[in-house]
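A.B. asks: Pasting a structure here, questions to come.
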Amino acid sequence: MSSRNLLTAWIGSCLLAAPAWALPQPVNESLPLVGTAAHGHAYPGATVPFGMVQLSPDTRTEGWDACGGYHYSDTNILGFTHTHLSGTGATCLGDVLLMPTVGQLHLEAGTPGHGYASSFSHAQEQATPGYYRVFLETPKVTAELTATARCGFHRYTFPVSDQAHFILDLVHGIGNRVVAATLHVENHTTISGSRISEGWGGRRAIYFVMEFSKPFESFGIERDGQRL
């Protein structure tokens, strides 16, 4: 074989191998936790570009650094809500809080062990574009969140227990107040409702349907401290 043929064959083999050296996708280099400390006002949760929902943990609801509902310096999670702002410098949203609990039932966020809030550690937290995961230390539950353009998905891995609960809090909000809310238990796997609130963004109405993969055995509703 001539030297020219050898050179051609070598160049051809390099071209065939090139796809194996593809550059990493920029999205895989993204770090959603960037901007969640100091005055960044960002949130680390799951969303897609121009998506209607932003699933993310809320660690605080008041003050200038609660704009994204999450601050890296916090050690407790109040729950997971479905709407968030990022980098606005003003607090709002934080609609339809869902929180898993185990053991004695608490209907106020409170503090870990004395409410439905849970402690957590950044060592057991993962945030990538479109996906968020954290281990809730108080109920020993692993929470995972992801989203599509119009809806969000939650997955919760509970320890073995006959006292596993979900808290659905329609009063919770980030720097806003609820004006009215509705809740309908359609069946043992489906809940629907609405939340009207007022805040920095004016008066807003949110409507939702929530479907569970497993039926719940019982439910209760409380308003202003009174069981309905």
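If you use my numbering, the sequence shown corresponds to residues 4 to 231, in order.
In this text, a Cβ means the ideal position worked out from N, Cα and C, and glycines have one as well.
1) Look at the alpha carbon of G178 and the alpha carbon of W203, and state the distance between them as a whole number of angstroms.
2) Buried or exposed for P218, please, with buried defined as at least 16 other CB atoms from any protein chain shown within 10 angstroms of its CB.
3) Does the pairing of the segment 53–63 with the segment 75–82 give three or more beta-carbon distances under 8 Å?
4) Assign V37 to one of three DSSP states: helix, strand, or coil.
5) Would the segment 130–142 and the segment 98–109 be scored as touching if the rule is three or more Cβ pairs under 8 Å?
6) Just the C-alpha distance for G155 and T50, rounded to the nearest angstrom, thanks.
7) Starting from T149, follow its DSSP beta bridges and name the residues at the other end.
8) Taking its Cβ as the centre, do 16 or more other Cβ atoms sit within 10 Å of S164, making it buried, or is it exposed?
9) Is the distance from the Cβ of L36 to the Cβ of A130 below 8 Å?
10) Using three-state DSSP, classify N31 as helix, strand or coil.
11) Once the 5 residues before and after G223 are set aside, which same chain residues still bring their CB inside 7 Å of it?
12) Helix, strand or coil for D68, going by three-state DSSP, please let me know.
13) Given this structure, state the Cα-to-Cα distance separating S221 from I170, to the nearest angstrom.
14) Does the beta-carbon of S33 have 16 or more other beta-carbons within 10 angstroms, so that it is buried, or is it exposed?
15) Label A208 either buried or exposed according to how many other C-beta atoms from any shown protein chain fall within 10 Å of its C-beta, with 16 as the threshold for buried.
16) When burial is assigned at 16 or more other CB atoms within 10 Å of the CB, is G90 buried or exposed?
17) May I have the straight-line CA-CA distance separating A126 from S197, to the nearest angstrom?
18) Using three-state DSSP, classify H109 as helix, strand or coil.
19) For I194 and L186, which I take to be in contact (beta-carbon distance under 8 Å), what is that distance rounded to the nearest angstrom?
C.D. replies: With the structure as the only source:
1) 8 Å
2) exposed
3) yes
4) coil
5) yes
6) 8 Å
7) Y134 and F156
8) exposed
9) yes
10) helix
11) R230
12) helix
13) 12 Å
14) exposed
15) exposed
16) exposed
17) 35 Å
18) coil
19) 7 Å
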